[in-house]
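Participant: Sending over a structure as structure tokens; questions will come in a sec.
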Amino acid sequence: MPGKLKVKIVAGRHLPVMDRASDLTDAFVEVKFGNTTFKTDVFPKSLNPQWNSEWFKFEVDDEDLQDEPLQVTVLDHDTYSANDAIGKVYIDIDPLLCSEAASVISGWFPIYDTIHGIRGEINVLVKVELFNDLNRFRQSSCGVKFFCTTSIPRCYRAAMVHGFVEELVVNEDPEYQWIDRIRSPRASNEARQRLISLMSGELQRKIGLKVLEMGGNAVVGYLQCFDLEGESGLVVRAIGTACTLDKLSSGSAPNTNTHMHPNTAPASNACNSPSKDGKEPVFGEDLTSSSGPPTPFRALPTTSSSPPPFSPSKPCSRQSSSSDTDLSLTPKTGMGSGGSVGKEAGPLKTLLRQQTQTALEQREFPFFTLTSFPPGFLLHVGGVVSARSVKLLDRIHNPALGNTRSYKLLDWNSVTADEPETRDAWWEEIRQEIKSHAKALGCHGVVGYSESTSICEEVCILSASGTAAILNPRYMREGCLDIGITDHRFEEPSPPSCGFCHIPYDELNMPFPAQLTYCYHCRRQKVPDVLFTTINLPQEAAVTGKGCLIQARLCRLKKKAQGEVNATAISNLLPFMEYELHTQLMNKLKLRSMNALFGLHIQISVGENMLLGLASATGVYLTALPAPGGIQIAGKTPGDLSNEHHILTIQKRINDTIAKNKELYQINPPKLFALDPEVFCGINMELTEEVVGSPIPEPRQRSRLFRSHSESSDELSELDLSHGKKDAFVLEIDDTDAVEDIHSLLTDAPTPTGFYSCNTEIMPGIYSWTSGVQMFTSVRVFRLSNANLTNQGLNKIFTDLCENLLKSFYFKLRSMIPCCLCQLNFAVAVPEEELIQVAVTAVAMTFDKDQAQEKPADKSTTKGGSETEEQLQFPMELCADASSANTQPSSKISGTVSLLTPAAKLCQNQLVMVLSPGVPESTNVSSRAASVDYGSFADRCSTWLELLRLKAHTIRRGSVKTSRRTQSLAHSVSSLEHCSPLPEGRSRSLRSNRSFRGSPVTVVKMTPLSFLPGTRIIKYLGIINMFFIRETTSLREEGGVSGFLHTFIAEVFAMVRAHVAALGGNAVVSYSMKECMLMENPNKNQAQCLINVSGDAVICVRETDQEPNPSMANIGQTCASGTDGAT
Amino acid sequence: MAVELDVFVGNTTIMDEEVYQLWLDGYTVNDAVKVRMEGGVMEECEASADVLLSDTMDQYRTFQMCERLLHSPSKLANQLLFQIPPNRQAMLIERYYAFDDAFVREVLGKKLSKGTKKDLDDIGAKTGVTLKSCRRQFDNFKRVFKVVEELKGPLVENIPPIMRLLLISGIMLPLFFFANHRFETGKRKLQYLTFQDFAFCAGQLISNWTVGAVDNMVEDMDVDLDKEFLQELKELKVLITDKDLLDQHKSLVCTALRGKTKAFNEMEANFKNLSRGLVNIAAKLTNTKDVRDFFIDLVEKFIEPCRSDRWTAADMRLYLTHYNNSAHILDTFKHQAVWDRYMVVIKSCIFKMYHD
């Protein structure tokens, strides 16, 4: 079924000078989609051409719409020779295909050339008219929403989580085609960019089809990666989690929610956030309230068209109070009636397992790419599961390639190899392994799942990791929000603040040796002593103190080798690396006196002569887990006095460090209540009924890390990473290596005061974010000049490199103190034999120091409504303006100003008023004020202009009065909102005026997190997935590699921002830089870099604003729900 | 073993004002690091020299990338490459177009052509401003003048932001004024005057002797001198050509001054000379060439004689006040308005130019 794509080229600005003679350019534009090309007229002799073209219309299949990017090429007309290309803009029109996303793309796009970078900007307008396709056999999947965000997007609720979707497409890399020898680098780069754009479009479409097949309408946690395998081709692969998402009717305007009428509101608040303490079991509270006052909950599911998302408690409460099956254990536990509960957990658990397994086992891979979950989704966490496999790359043979349409661009698409093994099979193998690991941990699902590769020459390491977990199946079954009779059975009696820590596996049949104790929080169930996970810290988890970034870094030298030998060498090294990384992590965790790791990400990169391992995670002290023991140093050779002394000093240093860290991270776990009941009473009021005795904690160190390696074979080698049955954590110093290890352990510099860092979404222990946000990317490449380095020497260099990077972040961001670096994402690579590259993307966020300590006591009162609050998994703004937020009606005006203010202050001359009929009075007022302001400015300007004009015409003539003229000018400006802010007074259509020259550049915030503190996301506009290549043959002139890369990264940011702004957005969330591949050849004065970035374009408003900003949503479709809510 | 590449790019471009100033002042990266170390940034933030070097390099790179945009400030506001908050943009432009007084003084009144560019080295050596900074300031002059010259073309669109700059700097106007009237400022006798002195005088001339001044059109600042007024100044000659009037004037002034200053004798002796000097300057201003020599004339005809008689600034003030006021008492002197308009400027200029 066709769709109609309409494109209009409005204008250009800041074009480069293409004609040296006149210092001007004769520019025209080619618009290409698929095989159709349109051209604009030549706009002669201008660097700011106004094409104002007709609408170019493309009639195309929606399949093409999904795959193909719109290609806009700006050229310089040359009468005598070939036209010179100025640059291109690729516009992904996918966001226009989904009714809920953007409806028009309009704005200034940087014109990008792979050799020269950004060369001016072009204003383009794109619309799509799509006809509904009801064909069952269609190949397109328009309308499926994609999100990079690894949690349920903020303004949606998950009606159902269908599960894992994956797909990969392969092709030959244009760079390695024979034709590349005869074409220019520019043509080659453009071919690559276009191909990858096509492939990701196709990939997305195919995944969309799978989602539709599963009955879903969205992909969350969409992770797309490129494997540039060189000679053997190019793989684009993606994984994600298929969901059925319902748009929240108007989370932004609480009073439109039908179920929020006065008498239910307090009750639902009570169940969402227990009034006394966030730690209190949600279900218990829920029940008491429903059994106490006449239950308002009954009305809930019927009255609300959209029942609150992620709130298992409500349906459950109704269920438990009305039905009385003998399986229902919830009422008892819910009432908090004593210690028998712990015992009952056993049978319940088995039951639960049976039930959920049936629910999940139908799936091939019960994997979820999500890292944050709706409360109640995650029941238990087993531990990290990971699998790696070393493969030798060969020509790709992908049977799927045969039946896809061949790319017009690549008619040399000849796949000759007939290697039976496909990339699909490789990943299949790894996923199976992960699945079996998860099973071994007694878990039926894997959450926080991700996949990655590292390629060096023809060797490729495939890695996958995730966290084994038991999930609440409610979200995975059809009709889960209707209350099924079986639902309540799966409600664990564990409180959410510690429930996920409880072991999922059978105590008597543990998959690995581990020391279990009763949960320190609820005392009902067993918990392990240490917990490693790849997910974010659940919002409801009880944490003591603050968290911190913990990194283990490791270098291993390896002999240079080829082919099979090389692969074998690498796979032999891998287990040792994992073991050492794990030991380092464990030691550092102990040193910080913490007992759990979240967001664990282990990256192993392969180079020609070395392997790099980097494990990053955020350490926290989970209240539910036992306190970690200290670290003891033991010498192998007792009796040696000097050695003994040495050991003692080290031991002292370690103990001091631990004590210091405890203070730094404010880790003061509540005292054991068995020893001092009164202390306990004071701390944990609602648990006073507990009668379970406290077992004396026996600090043992066990690993939750479970993984294996296979070397292109099915052979499975599992490692027991636990440290035997030692009573305390003992480090033995028996050789210099061990001494080095301990030294390196202690050399991690503490973060400067005022700074915190973590690699998860939010910092455990900090809850009061303020609005300061600074996203950054930093890249460092280190050249090892010394050829005969030892492992130790390398380790030190690598550690210093990472530490120095962190230090310079702290220095650069010192003006933001107090601040926290979140989602610190390190990517290491060995681009060449003697180079180590570290690329970091992170966001620095400011927070309120005074309020940082406490979790918001009563969240529901601080937010507009409980509806939104459930959505927003992270409390963002605290009571400061609680009253105003509450009392403010979903008012008519938040005004044009609110989001423009920062820009508007200085650029009055650029303030553009977009007034639509029917905008309420007060908006008019504000705009009038602004016009006046502007008028006076124009006044001033033109006076000066006159002055200079007089000057230029020099002297000798009587001066002209300019005042009248300026006044009339000012007048015309203030009366004509549509007129250009320039004295020239060029009137244009409202449409183009919005983003025309002089209009302020929309400020686009970027963050790797799924939210922006202090703001509320009101609309997701679509996924941003961009791939750029930049090449230079004048490296020195561009300031060396640093100058080259600096410019390129800045350009990438600029292009991302421009695309978001053109979609009508003002922020990118879940931004990430997937790839940053730099190749340099300083001798030839050349460099090339590839960058792949992705994220979700969104519109967000300040949390205090009740309504989307009209000027924000000016794209025509003002967020309808918002305005409805107002009336 | 070395860091081969080191970049840091923020979504909002991070710019340190201190480093920006160092960059503008033409410090090399290493010198800038030294200055910063001495400034104590390191202790403040627990940073090491490496960190400081890396940060400085990064910032310098950013500024270099920005410089292209700063050359046409209108671009800075709507470029897409750097996301810079508007107040930061203003800061960047303001500082970029700021001038060193010492430098401006040297350039003042000189022809802004390539010839002068060769002299930048000399100016740098003389003023202690680094060559890089000199070049930037000089190029800024040329840039703005070029814009002015090409005003008629499409560049008109680029004007307003630059005008904003001019407003900010408060330096451009005097410069235009001086360049326009080609005032002589480079003579050795004028070397002792600073740019601030000239800027002040220019301000006085503009606000009193130009066309706009008379019409009370404050916002209409025209820098052409009022021709009619200059013509009328010729009438003042009567003060020195009419012997009676001259004597009368002298006696009035002397009466007023007697006993009030130590320099009374010199004042009395020199009265006629000084008065002749001032009135002759007024009478000659119709000639463009004599307008050029306005400042040198003031110095030669008035300031130097007084200085050789060791008048204090207070003496000067006293003398000129009475000299001005006494003219009003002369019955036969009819040109009071012109006289005042003339003297108001002369007085304030001389006050400013008379350094003890």
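For the record, the sequence lines run as chains A and B. With the numbering used here, the residue at position 579 of the first sequence is 579, and numbering never jumps. With the numbering used here, the residue at position 217 of the second sequence is 1344, and numbering never jumps. Built from N, CA and C at the ideal position, the CB exists for glycine as well.
What residues in its chain sit with their C-beta under 7 Å from that of C1261(B), if we drop five residues either side in the sequence?
Facilitator: Excluding residues within five positions, the ones whose Cβ falls inside 7 Å are F1230, L1247, I1250 and G1251.
Participant: Check the Cβ-Cβ distances between T1139(B) and every residue of chain A, and say whether any is below 8 Å.
Facilitator: Answer yes: the Cβ-Cβ gap between T1139(B) and chain A drops below 8 Å somewhere.
Participant: Out of E1103(A), E175(A), A1061(A) and A1050(A), which has the shortest C-alpha to C-alpha gap to T1015(A)?
Facilitator: When each option's Cα is compared against that of T1015(A), the closest is E1103(A).
Participant: Considering Cα atoms alone, identify which of A21(A), V7(A), E59(A) and T73(A) is closest to S53(A).
Facilitator: That would be V7(A), whose Cα lies nearest to the Cα of S53(A).
Participant: Give every residue of the same chain whose Cβ lies closer than 6 Å to the Cβ of E30(A), excluding the five residues on either side of it in the sequence, and list them in chain order.
Facilitator: For E30(A), where only same-chain residues beyond five positions count, the Cβ hits under 6 Å are T37, K39 and T73.
Participant: Less than 8 Å separating the beta-carbons of R780(A) and E834(A)?
Facilitator: In this structure, E834(A) does not lie closer than 8 Å to R780(A) by Cβ.
Participant: Can you name the residues that DSSP bridges to F782(A)?
Facilitator: For F782(A), which the question treats as bridged, DSSP gives the partners I836(A) and V1130(B).
Participant: Quick check on W769(A): does DSSP put it in helix, strand or coil?
Facilitator: Strand at W769(A).
Participant: W108(A) by DSSP, collapsed to three states: which one?
Facilitator: In this structure, W108(A) counts as strand in the three-state DSSP scheme.
Participant: Beta carbons nearer than 8 Å to chain A: which residues of the stretch 1170 to 1189 of chain B have them?
Facilitator: Answer in chain order: E1171, C1172, E1173, A1174, S1175, D1177, V1178, L1179, S1181, D1182, M1184, D1185, R1188 and T1189.
Participant: Rounded to the nearest angstrom, how far is the Cβ of L1035(A) from that of P1082(A), given a contact under 8 Å?
Facilitator: Rounded, the Cβ-Cβ distance is 6 Å, consistent with contact.
Participant: Once DSSP output is grouped into helix, strand and coil, what is the label at A102(A)?
Facilitator: Coil.
Participant: Rounding to the nearest angstrom, what Cα-Cα distance links N1400(B) and F1268(B) in this structure?
Facilitator: Their backbone Cα atoms lie some 40 Å apart in a straight line.
Participant: Buried or exposed: N1130(A), going by 16 or more other Cβ atoms within 10 Å of its Cβ?
Facilitator: Here chain A comprises residues numbered 1 to 1127, so residue 1130(A) is not present and cannot be evaluated.
Participant: Is the shortest distance between the beta-carbon of K1273(B) and the beta-carbons of chain A less than 8 Å?
Facilitator: Answer no: the Cβ-Cβ gap between K1273(B) and chain A never drops below 8 Å.
Participant: Anyone know if the C-beta pair for V385(A) and A438(A) falls short of 8 Å?
Facilitator: Taking 8 Å as the Cβ cut-off, V385(A) and A438(A) qualify as a contacting pair.
Participant: Under DSSP, the beta strand (DSSP E) around P1213(B) begins and ends at which residues?
Facilitator: Element bounds for P1213(B): not the beta strand (DSSP E) but the alpha helix (DSSP H), P1213 to Y1223.
Participant: Residue range of the alpha helix (DSSP H) that F1190(B) falls in?
Facilitator: A1176 to L1197 is the span of the alpha helix (DSSP H), which, as asked, contains F1190(B).
Participant: Taking beta-carbon pairs under 7 Å, can you tell me which members of the stretch 756 to 770 of chain A lie near chain B?
Facilitator: For the stretch 756 to 770 of chain A, which is checked against every Cβ of chain B, not one residue is closer than 7 Å.
Participant: Sort F847(A), V828(A) and G34(A) by Cα distance to C820(A) and report the nearest one.
Facilitator: Here the closest residue by C-alpha is F847(A).
Participant: What residues from chain A crowd round L1208(B), counting only those whose CB sits closer than 7 Å?
Facilitator: Residues of chain A passing the Cβ test: I118, A1050, E1051 and A1054.
Participant: Is the Cβ of F1356(B) closer than 8 Å to any Cβ of chain A?
Facilitator: It does not; no Cβ of chain A falls within 8 Å.
Participant: Should the stretch 793 to 802 of chain A be regarded as contacting the stretch 648 to 662 of chain A, the criterion being three or more beta carbon pairs within less than 8 Å?
Facilitator: The stretch 793 to 802 of chain A is not in contact with the stretch 648 to 662 of chain A.
Participant: Give the residues from the stretch 1197 to 1228 of chain B that approach chain A closer than 8 Å (Cβ to any Cβ), ordered along the chain.
Facilitator: Listed in sequence order: K1202, A1204, N1205, Q1206, L1207, L1208, F1209, Q1210, P1212, P1213, N1214, Q1216 and A1217.
Participant: Assign A1129(B) to buried or exposed, taking buried as 16 or more other Cβ atoms, counted over all protein chains shown, within 10 Å of its Cβ.
Facilitator: Flag for A1129(B) reads exposed.
Participant: Check the Cβ-Cβ distances between V1003(A) and every residue of chain B, and say whether any is below 8 Å.
Facilitator: Yes - at least one Cβ of chain B is within 8 Å of the one on V1003(A).
Participant: Buried or exposed, going by whether 16 or more other CB atoms sit within 10 Å of the CB of L441(A)?
Facilitator: L441(A) comes out buried.
Participant: Quick one: does L1128(A) have its CB under 8 Å from some CB of chain B?
Facilitator: Missing from the structure shown is residue 1128(A); chain A here goes from 1 to 1127 and no further.
Participant: Based on the DSSP output, what are the partners of P2(A) in its beta bridges?
Facilitator: Bridge partners of P2(A): D61(A).
Participant: Can you confirm whether V1130(B), when its beta carbon is compared against all beta carbons of chain A, has any partner nearer than 8 Å?
Facilitator: Yes, V1130(B) lies at the interface with chain A (some Cβ there is under 8 Å from its Cβ).
Participant: Please list the residues of the stretch 1004 to 1027 of chain A that have a C-beta atom closer than 8 Å to any C-beta atom in chain B, keeping them in chain order.
Facilitator: Here the close residues are V1004, K1005 and M1006.
Participant: So, using beta-carbon positions, are L370(A) and V220(A) closer together than 8 Å?
Facilitator: Yes, Cβ-Cβ distance for L370(A) and V220(A) is below 8 Å.
Participant: If you drop the 5 nearest sequence neighbours on each side, which residues of the same chain put their C-beta closer than 7 Å to that of H502(A)?
Facilitator: Result list for H502(A): H380, S494, C519, Q525, K526 and V527, in chain order.
Participant: Whether or not the stretch 1053 to 1070 of chain A and the stretch 1004 to 1012 of chain A are in contact is what I'm after, with contact meaning three or more pairs of Cβ atoms, one per stretch, closer than 8 Å; do they touch?
Facilitator: At 8 Å Cβ cutoff, the stretches touch.
Participant: So is V1134(B) in contact with chain A if we call contact Cβ pairs under 8 Å?
Facilitator: Yes - at least one Cβ of chain A is within 8 Å of the one on V1134(B).
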